[in-house]
Structures are given as structure tokens and as C-alpha cells.
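Heads up: the structure comes next, in C-alpha cells.
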Amino acid sequence: MIPGLTTRRRFSDLTEQEVLALAISSEEDDARIYRSYAERLRGEYAASAAVFDGMAREEDAHRQRLIELHRSRFGEVIPLIRREHVAGHYARKPVWLTANLPIATIRTEAAAMEAEAHRFYTRAAQATTDAATRKLLGDLAAAEAGHERRAGELAEAHLTGEARETEDATARRQFILTWVQPGLAGLMDGSVSTLAPIFATAFATQDTWTTFLVGTAASVGAGISMGFTEAAHDDGVLSGRGSPWKRGLASGVMTTLGGMGHALPYLIPDFWTATIIAMVVVFVELWAIAWIQNRFMETPFLRAALQVVLGGALVFAAGALIGGG
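Quick note on numbering: UniProt numbering labels position 185 of the sequence shown as 185, and the sequence is numbered without any gaps.
In C-alpha cells:
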């Protein structure tokens with residue numbers, strides 16, 4: 001350790017007592033994280049909440065055994081040392097602080113927590129030449145491996161086939177509400193509402209660069225408007241539609257992409273070549289919207305296609321007539 005450059009201790013500089021204290025604080029932190037997950041999931045994912053409650057109890061039991069070991073070897077006073085005090089120690093990303101965290105992310109993070117701890121203690125045990133320290137680190141690695149096995153046992157006990165299907169269906173519904181629905185609304189708005197100004201400009205000026213500038217302005221402006229509107233009008237607390245910023249991002253980005261799709265062809269200098277390509281892009285966009293409605297919103301494909309294509313055709317005709325007149 002070089003004084004003045006860092007205040008973190010190297011793991012190799014820790015005493016056996018400090019390593020044990022670090023393990024105790026890590027087990028305590030992990031138990032709190034699991035309880036946070038359980039509380040977050042209790043309303044919609046009761047089975048998974050029970051799994052994390054069980055994992056938190058397992059962490060508590062390991063912490064108690066580590067405390068007893070410390071008491072027998074070093075006494076009652078446990079040094080205050082945590083992960084952030086040790087250079088190179090595995091870190092816990094504070095994802096548990098994120099509101100509306102998806103169930104899949106929580107499960108993945110929990111698995112990574114146990115795997116990271118197991119790998120860290122295994123590597124540390126292999127690196128030391130002190131027999132007592134090697135045994136201590138090996139015991140900690142074995143304990144973390146036991147956590148992974150126990151997590152699997154708890155999942156099997158609580159996550160029955162029916163419970164997992166129910167939770168997966170809930171997760172899919174949340175994905176649709178947070179990402180698909182706002183994104184689809186944005187794509188529809190960007191693809192359809194920008195048709196009139198883009199093609200009106202195109203037929204009025206027959207200037208591809210001017211048409212491109214108008215299309216870009218309309219697309220970006222619509223994207224910003226849709227994004228802020230989606231984020232501001234519903235915080236997701238009562239509706240359960242998820243994070244407003246996620247929904248705003250999905251809506252804003254897809255709105256912009258929907259408009260830019262038929263604005264970009266006007267980078268081609270030849271007016272009729274650019275216009276024909278833009279029309280083809282519009283056709284593809286409208287059928288993509290119909291497919292998404294059918295795939296995720298369970299709207300019959302023919303009805304979705306009729307609604308989208310008819311609406312797009314009317315807006316296109318309005319723009320062409322206004323521009324041509």
C-alpha cells in the first residue's frame with residue numbers, strides 16, 4: 001500500500017481477524033440486500049419473495065457462525081471493515097436501490113452475488129501461503145458455494161412450475177407496459193404523424209435537402225415531445241406501468257426513429273428516387289407496427305394492419321395533397 005495514493009487496504013495486507021470481520025460485514029450486507037429484494041417482490045412475486053427471505057435467513061445464519069468464530073479466536077470487538085475499504089474486493093452494484101427493478105434482473109444479480117463471493121474467497125485462499133489464513137479463506141469459499149446450492153434448493157421449494165409461470169407472465173406484462181406499449185405509441189406517432197409535413201414539403205418544394213431538414217426537425221421534435229409527455233404524465237406508482245424515465249426513453253427514441261425512417265431517403269439528391277424509397281420505408285414501418293401490435297398487444301393482425309395502413313394512407317394523402325396544391 002502506498003501512503004497518500006489510496007486509503008483502501010490491499011487484501012493481502014489484512015490480518016486473519018480483519019478478513020473474518022470483512023466476511024461478517026459482507027454477510028450482513030447481503031442479508032439486507034436479499035430482504036430488500038423480498039420486500040420489493042412481495043406484492044407481485046410472492047414465491048420469489050419467499051426465496052429471498054430464505055436466502056436472507058441463510059446469510060444471517062452464516063454471519064452468526066462467523067461471529068462465534070471471531071469471538072472464540074479474537075474476542076468480542078469486531079473491527080469495522082467493509083468491502084469498500086479493501087482494494088480489489090468484489091463490489092455490490094446498488095441495483096437494489098432502483099425502483100421497478102425487473103424480476104429477471106433481481107434473480108441474475110442474486111446469482112452473481114453468490115458466485116462473485118465464492119470466486120473471490122477461492123482465489124484469495126489459493127494466493128496465500130499461511131496455513132491458517134488459507135484454511136479460513138477456504139472455509140469462507142465453501143460457505144459461499146453452500147449459499148449457491150441453498151439458493152437452488154429454496155427456488156425449487158418455493159418456485160413451483162405454476163408459480164414460475166405466473167411470475168413470468170407478470171414479468172412479461174411489466175415489460176410490455178414499460179417498454180413495448182410506450183415504444184409502440186412512439187413508433188406509431190413518429191411513423192404516421194410526420195408523414196404529412198415530410199411529404200407536404202417534398203411535393204411543395206421538390207427539394208430533397210429541404211425535405212430532409214423538415215423531416216429531421218419534425219422527427220426529433222416529436223421524439224422530445226412524446227418522451228417528456230410519457231415520462232411526465234404518469235409516475236407509474238398507481239398504474240404499475242414502471243419507471244417513467246424508461247417509458248419516456250422508449251417513447252421518445254421510437255418516435256424519432258419512426259419519423260427518421262422516411263426522412264433519411266431524402267439525403268438522396270434525386271427527388272423521385274428519394275420519394276419512392278421513402279414510400280417503401282413507410283410501407284415497411286406500418287406493417288412493422290401491425291406486427292408488433294399482433295405480437296405483443298394480441299391485436300388481430302388484419303385489424304391492426306387495416307387500422308395502421310388506413311391511418312397512414314390518410315395522413316400521407318393529406319400531406320401529398322397539401323404539398324401538391
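Glycine included, each C-beta is placed from N, C-alpha and C at the ideal position.
Counting only the same chain and skipping the five closest in sequence on each side, list residues whose C-beta sits under 7 angstroms from that of residue i.
i	result
VAL192	GLY311, GLY312, VAL315
VAL309	LEU286
TYR121	LEU137, LEU140, ALA141, GLU144
SER219	GLY190, THR194, THR256, GLY259, MET260, ALA263
Would you mind working out which of the options sits nearest residue i, comparing C-alpha positions?
i	options	result
GLN206	VAL308, GLU18, ILE268	ILE268
PRO182	ILE198, ALA110, THR229	THR229
LEU264	VAL253, ASP29, SER225, ALA278	ALA278
GLY258	MET226, ALA231, LEU66, ILE276	MET226
ALA110	THR122, ALA61, ARG83, ARG32	ARG32
ALA61	LEU137, VAL19, GLU144	GLU144
GLY261	GLU59, ARG63, ILE224, LEU195	LEU195
ALA141	ALA112, ALA218, HIS118, GLY43	HIS118
GLU59	PHE74, ILE24, VAL77	ILE24
LEU137	PHE11, ALA50, THR178, ALA112	PHE11
TRP209	GLN174, GLY75, ALA274	ALA274
VAL282	LYS246, ILE198, GLU27, PHE296	ILE198
ALA320	ARG247, GLN293, ALA204, ARG123	ALA204
SER26	VAL77, ARG303, MET113, ARG9	MET113
PHE175	LYS246, ALA38, TYR121, GLY54	LYS246
ALA38	ASP29, GLU28, GLY54	GLY54
ALA115	THR299, ASP30, LEU184, ILE292	ASP30
residue 403	ALA250, GLY75, GLU76, PRO300	Outside the shown range of the chain (1 to 325) lies residue 403, about which nothing can therefore be said.
I need the DSSP call for residue i, collapsed to helix, strand or coil.
i	result
ALA87	strand
ARG9	strand
LEU238	Interpretation of LEU238 is limited by its pLDDT of 46, a score under 50 that renders its predicted location unreliable; the figure taken from the coordinates is listed afterwards. Coil at LEU238, not helix or strand.
residue 329	Residue 329 lies beyond the residue range present for the chain, which begins at 1 and ends at 325; the question has no answer from this structure.
ILE78	coil
ILE289	helix
residue 329	No answer is possible for residue 329: it lies beyond the span of the chain, which begins at 1 and ends at 325.
THR129	coil
MET113	helix
MET297	coil
Got a sec? Which residues, its chain only, sit under 6 angstroms from residue i by beta carbon, not counting five neighbours each side?
i	result
ALA305	ALA290
THR7	none
GLU84	none
GLY221	none
LEU238	Residue confidence for LEU238 is low, a pLDDT of 46 falling below 50, so the modelled location carries little weight; the figure read from the coordinates is stated next. So no residue of the chain qualifies.
PHE52	TYR34, TYR37, ALA38
LEU20	HIS70
Residue i lies in the alpha helix (DSSP H); which residues open and close that run?
i	result
VAL315	301-324
HIS62	46-74
ARG40	16-41
TRP179	No alpha helix (DSSP H) contains TRP179, which DSSP labels as neither H nor E.
ALA200	195-205
GLY261	244-261
Looking only at its chain, what residues have a beta carbon closer than 8 angstroms to the beta carbon of residue i, apart from the 5 residues adjacent to it on each side?
i	result
LEU14	LEU22, ILE81, VAL86
PHE212	ALA263, LEU264, TYR266, LEU267
Since residue i and residue j are thought to touch, with beta carbons under 8 angstroms apart, how far apart are those beta carbons, to the nearest angstrom?
i	j	result
THR201	GLY323	6 angstroms
GLU18	ALA132	So it is not a contact: roughly 14 angstroms between Cβ atoms.
GLY252	ILE224	6 angstroms
LEU184	GLN64	With a Cβ gap of about 51 angstroms, LEU184 and GLN64 do not count as contacting.
Any beta carbon of chain C sitting closer than 8 angstroms to that of residue i?
i	result
ALA131	Absence of chain C from the displayed structure is noted, only one protein chain being present.
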